[in-house]
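**Q**
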Amino acid sequence: MGTVEYIQHHLTNNSVGSGFWTFHLDTIIVSALLGMLIIGVAMVVGRQLETGVPGGFQNFIESILDFVSTNVRDAFPGHNPIIAPLALTVFLWIWLMNFMDLIPVDLLPYLFQLAVGDSHAYLKVVPTTDLNTTLAMALVVFALVIYYSIKTKGFGGYLKMFLFHPFGKFFVPVNIVMTFIEEVAKPISLALRLFGNMFAGELVFLLIALIGGTLAVGAAALFWAPLQAILDLGWAIFHILIITLQAFIFMVLTIVYLAMAHDEGH
Amino acid sequence: MSINATLIIQMIAFVLLIWFVNKVLWGPMSKLMEDRQKRIADGLSAAEKGKHELELAEKRAKDVLKDAKLQAQNVLSQAEKRGTEIVEDAKVKAAEEAERIKAAAQADIEQEISRAREHLRKEVATLVVSGAEKILSKEVDAKAHNEMLETLVKQI
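One line per chain: the protein sequences are A and B, in this order. Numbering that gives the first Met the number 0 puts the first sequence at residues 0 to 265. Numbering that gives the first Met the number 0 puts the second sequence at residues 0 to 155.
(1) Using the three-state DSSP reduction, which class does Ser17/A fall into: helix, strand or coil?
(2) Around the Cβ of Trp18/B, are there at least 16 other Cβ atoms within 10 angstroms (buried) or fewer (exposed)?
(3) Hey, out of Asn70/A, Asp129/A, His164/A, Ile248/A, whose CA is closest to Thr11/A's CA?
(4) Should Asp73/A be flagged as near chain B, meaning a C-beta pair shorter than 8 Å?
(5) At the 8 Å Cβ level, is Glu182/A part of the contact set with chain B, yes or no?
(6) Grab me the residues of Ala190/A's own chain with a C-beta within less than 6 Å of its C-beta, minus the 5 sequence neighbours each way, in chain order.
(7) Restricting to Cα atoms, I'd like to know which of Phe194/A, Gly54/A, Leu87/A is closest to Gly26/B.
(8) Which residue or residues does DSSP assign as beta-bridge partners of Phe22/A?
(9) Please list, in chain order, all residues of the same chain as Val203/A whose beta carbon is under 8 Å from its beta carbon, the five residues on each side excluded.
(10) Return the residues of the segment 82-105 of chain A that lie within a Cβ-Cβ distance of less than 9 Å from chain B, sorted by chain order.
(11) Any idea what DSSP makes of Asn21/B, helix, strand or coil?
(12) How about the segment 119-128 of chain A and the segment 20-38 of chain A: do they share at least three Cβ pairs that are nearer than 8 Å?
(13) Between Ala208/A and Ile93/A, what straight-line distance do the alpha-carbon atoms span, to the nearest angstrom?
(14) Which ranges does the beta strand (DSSP E) cover as unbroken runs of at least 3 residues, wholly within the segment 19-79 of chain B, from first to last along the chain?
(15) Compare the C-beta of Asn73/B with all C-beta atoms of chain A and state if any pair is closer than 8 Å.
(16) How many Å lie between Asp65/A and Leu64/B at the Cα?
(17) CB-CB under 8 Å to Pro342/A, same chain, minus the five flanking residues each way: which ones, in chain order?
(18) To the nearest angstrom, report how far apart Gln70/B and Lys58/B are at their CA atoms.
(19) Applying a beta-carbon distance threshold of less than 9 Å, which residues of chain A neighbour Ile39/B?
(20) According to DSSP, simplified to helix, strand and coil, what is Gly77/A?
(21) Would the segment 95-112 of chain A count as touching the segment 238-258 of chain A if we require 3 or more Cβ pairs under 8 Å?
(22) In whole angstroms, what separates the C-alpha of Asp105/A from that of Gly16/A?
(23) Specify, as a first and last residue, the run of the alpha helix (DSSP H) that Lys153/B falls within.
(24) Taking only beta-carbon positions, decide if Ser29/B is within less than 8 Å of chain A.
(25) What residue from Leu85/A, Met35/A, Phe249/A has the CA that sits closest to Ser272/A's CA?
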């Protein structure tokens, strides 16, 4: 198998349907499983909540909650009960989906191929390297932004923002274009930033994996295999930072966009 | 890498996950943490109150002690005064009693003296008469000279 084929194979989703009605089964199932993991853990911990002195795992979860609610309090001035659970969901889910990146690139596809019995079966395990996932989250956030903008400013106020926002009333056509771009840029940048980071990270993992796969033949393996291991380790350690950072950025920007939506000044 | 219907599924999944996270994770957890915060705050304020109350009680105890001391002093001095009074009283009474006993003894003595004097007078009279009888022998009639003898007895 050539290097190009190897990379393409890894970057192809296991999908059913055709055209627009294509479903990326791997993305959907992996992200759903991770979502269920969050809920399952929450339920197990929730059954034995301790009001007094919390135990180890509850402590860990409480510290995450504390971290999220501190960020919400810092960036979100008003009171809206949906913001904190939304931010928590964004952070936990994105972090777990990103974490799939740290599992050795060939492990899950290989096991999957063994299980299915088809050595060419596709499996792309990181849901955030699928633009559909990141854009879906960004669009939900965008929908909430529009909803709360209209709720705070009224429908007229929301339209006025488009008409008069950056340059006043003498530049209405320019204003419409500018504000439109500004608003649409929010979900697009959210989606593309996360997607781009994860996709690039995955690609680097694939390239590192190729060192061992293509060059380590015969005696040369003594040199290339350790190099691959060291590079993999280095990138994985660096990637722990990236996956956390990306989850954090997505969460903070979600809070900030929603805070802007609640701002009546515009 | 193309956008397709997976997007719709992921949006639904995301919304559902937000709902679930709110229901099973954020809701109960944040309530619990708020409860704990409230309990800690309550405990701290209770401790503060207890400390304040202790201070008050200490002050009250000191006051009571001071009062008790004062009272004890009062009682003591009163008792002392009363004691001296009793002693004085007893002295006066004893003196009076002594006086009375002395007077009674005096009266007794007086009476005894007068009785002895009477007795003596009578004895002397009898002696005189018998002496006179001896001197005069039978010349003096006791009956005839009784009157004279009576006056004689009275003169002695």
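Just so it is clear, CB atoms sit at the ideal spot from N, CA and C, and this is done for glycine as well.
**A** Here's the rundown:
(1) coil
(2) exposed
(3) Asp129/A
(4) no
(5) no
(6) Thr133, Leu134, Ala137
(7) Leu87/A
(8) Val15/A
(9) Trp234
(10) Ala83, Pro84, Leu85, Leu87, Thr88, Val89, Leu91, Trp92
(11) helix
(12) yes
(13) 24 Å
(14) none
(15) no
(16) 53 Å
(17) Outside the shown range of chain A, which is 0 to 265, sits residue 342/A, and nothing can be said about it.
(18) 18 Å
(19) By Cβ distance, chain A contributes nothing, its closest Cβ being about 10 Å from Ile39/B, past 9 Å.
(20) coil
(21) yes
(22) 26 Å
(23) Start and end: 145-154.
(24) The beta-carbon of Ser29/B is placed less than 8 Å from the nearest beta-carbon of chain A.
(25) A query on residue 272/A cannot be resolved here, the shown segment of chain A reaching from 0 to 265 and no further.
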